[in-house]
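Asks: Following my numbering, the numbering of the sequence shown begins with 250 at its first residue and continues without gaps. Just so you know, even glycine gets a beta-carbon here, dropped at the ideal spot from N, CA and C. What you are looking at is a predicted structure, and each value in this text was computed from that prediction instead of being measured.
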Amino acid sequence: MNLVVKSALAGLVVLAGFAPVSSFAQDGSCTCATAYTGVNPIGSIGSINGDVMVSQVAGYGPAQAGGALDFGSRVVVGGKGSASVNVGSCNLSVPANSTLDISRVENKICLNVLGSEKTAQTDNSNNDNKTPLIIFGGMALGAGILAATADKDHGHAVSD
250 MNLVVKSALA GLVVLAGFAP VSSFAQDGSC TCATAYTGVN PIGSIGSING
300 DVMVSQVAGY GPAQAGGALD FGSRVVVGGK GSASVNVGSC NLSVPANSTL
350 DISRVENKIC LNVLGSEKTA QTDNSNNDNK TPLIIFGGMA LGAGILAATA
400 DKDHGHAVSD
């Protein structure tokens, strides 16, 4: 296999280990859950302010107030934006730098707001977080090991 492909796969495996658990277990992580009544569309965008995009059949497009939402819809709000959505008994505000995902968990509609907690400003004066450096170093070490042990002859014997 090509060294670039090996390195990319190794990096993907490492990053998958650091993925947030909430992305794998949606049923326990709903910001708001409401009963599914079988009506489609299941909700709509109430209001938008600033940079707001919504997933559509052909990808993402600008969100519009009153736009329909269904299972699998995603509302992405930029740094200087906000939105509100109305789905069943859930009326949620989606703050700047966050994403709203809509999914079905059993017979309920699950709305999950992600990202706003990760963008909060903190005092960096005592920030000694070395995690990104450790992850990058591990990936570089793994790529180096793959490069050093790569079969450069692709399994063919070298003849003089």
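Would you tell me roughly how many angstroms separate the C-alpha atoms of Glu355 and Tyr285, rounded to the nearest one?
Replies: Taking the first residue of the sequence shown as position 1, residue 355 is located at position 106. Taking the first residue of the sequence shown as position 1, residue 285 is located at position 36. Cα to Cα, the separation comes out at about 9 Å.
Asks: Less than 8 Å between the C-beta atoms of Ile297 and Asp319, yes or no?
Replies: Residue mapping note: residue 297 aligns to position 48 of the sequence shown, counting from 1. Residue mapping note: residue 319 aligns to position 70 of the sequence shown, counting from 1. No; because the gap between Cβ atoms is not below 8 Å, this pair is not in contact.
Asks: Cα separation between Val303 and Ile394?
Replies: What you label residue 303 is simply residue 54 of the sequence shown in a count that begins at 1. What you label residue 394 is simply residue 145 of the sequence shown in a count that begins at 1. Cα-Cα distance, rounded: 42 Å.
Asks: Report the residue ranges of all alpha helix (DSSP H) runs contained in full by the stretch 297–341; include only those spanning at least 4 residues, in chain order.
Replies: List check, alpha helix (DSSP H) in window: nothing returned.
Asks: Among Gly391, Cys281 and Ile294, whose alpha-carbon lies nearest the alpha-carbon of Ala332?
Replies: The count along the sequence shown starts at 1 and reaches residue 332 at position 83. Taking only the C-alpha atoms, the option nearest Ala332 is Ile294.
Asks: My guess is that Gly364 and Ser347 are in contact by the Cβ rule of under 8 Å, so how many angstroms apart are they, rounded?
Replies: Counted from its first residue, the sequence shown places residue 364 at position 115. Counted from its first residue, the sequence shown places residue 347 at position 98. That belief holds up - the Cβ atoms of Gly364 and Ser347 are roughly 4 Å apart, short of 8 Å.
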